[in-house]
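Chemist:
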Amino acid sequence: MELLVASAVGLMAAAGIYLVLRARTYPVILGLALLTYATNVFIFVSGRLAVGVPPVLRAGITSYTDPLPQALVLTAIVISFGMTAVIVVLALRSYLESDSDHVDGLADSIANENLEAVPTADAPTEPR
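Position 63 (the sequence shown) corresponds to 62 in numbering that gives the first Met the number 0; numbering is contiguous.
#1: So the alpha helix (DSSP H) Ile60 belongs to, where does it begin and stop?
#2: My output table needs one value for Arg23: the three-state DSSP class, helix, strand or coil.
#3: Whole-angstrom Cβ separation of Ala75 and Thr35, contact assumed at under 8 Å?
#4: On a Cα-Cα basis, can you pick out the residue from Val19, Ile16 and Thr24 that is closest to Asp98?
#5: In or out: Leu33 buried (at least 16 other Cβ within 10 Å) or exposed?
#6: Indicate whether Tyr17 and Gly30 have their beta-carbon atoms separated by less than 8 Å.
#7: For Ser45, which residues of its own chain have a beta-carbon under 6 Å away from its beta-carbon, when the five flanking residues on both sides are left out?
#8: Rank Met11, Gly15, Ile28 and Phe43 by C-alpha distance to the C-alpha of Ala70 and give the top, closest one.
#9: To the nearest angstrom, report how far apart Met82 and Ala37 are at their CA atoms.
#10: Would Ala75 pass as an interface residue toward chain D - the criterion being a Cβ-Cβ separation below 8 Å?
#11: Considering Val87, what are the terminal residues of the alpha helix (DSSP H) in which it resides?
#12: Quick test of your reading: Ile28 and Val72, contact by CB under 8 Å. State the CB separation rounded to the nearest angstrom.
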């Protein structure tokens, strides 16, 4: 069971890193989501994999699951949902401003505007 979960965490992390390195905005958002899922599963598994074991220690029970990773994962899910919403809004705003969904689309358009404003050596200049 541990090998399966470790493989799933590794696969999600690798896919997340691959998507974060893309040039378009949407795959970057999906990559960040996959990285948070991989982190959440990793934290959850750190509290021991146990089936049919209660998360709270009661009288007469000798084995239990640690509830701290479950609380951390629940908090991380809420935070990652909020951050994903903010990133989606920023990506939408960037797309509407630059008509491009490239991650560095706005910087490219500003650089192109600056290059067009610089006179070239073979362009005729007006005498003063």
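For glycine and all other residues, C-beta sits at the position ideal for the given N, C-alpha and C.
Modeler: Checking against the coordinates, here is how it stands:
#1: Unbroken run through Ile60: none, as it is neither H nor E.
#2: strand
#3: That belief holds up - the Cβ atoms of Ala75 and Thr35 are roughly 7 Å apart, short of 8 Å.
#4: Thr24
#5: buried
#6: yes
#7: Pro68
#8: Phe43
#9: 16 Å
#10: Given the protein chain composition of this structure (a single chain), no chain D is represented.
#11: Pro66 to Ser97
#12: Not really, about 21 Å apart at Cβ, beyond 8 Å.
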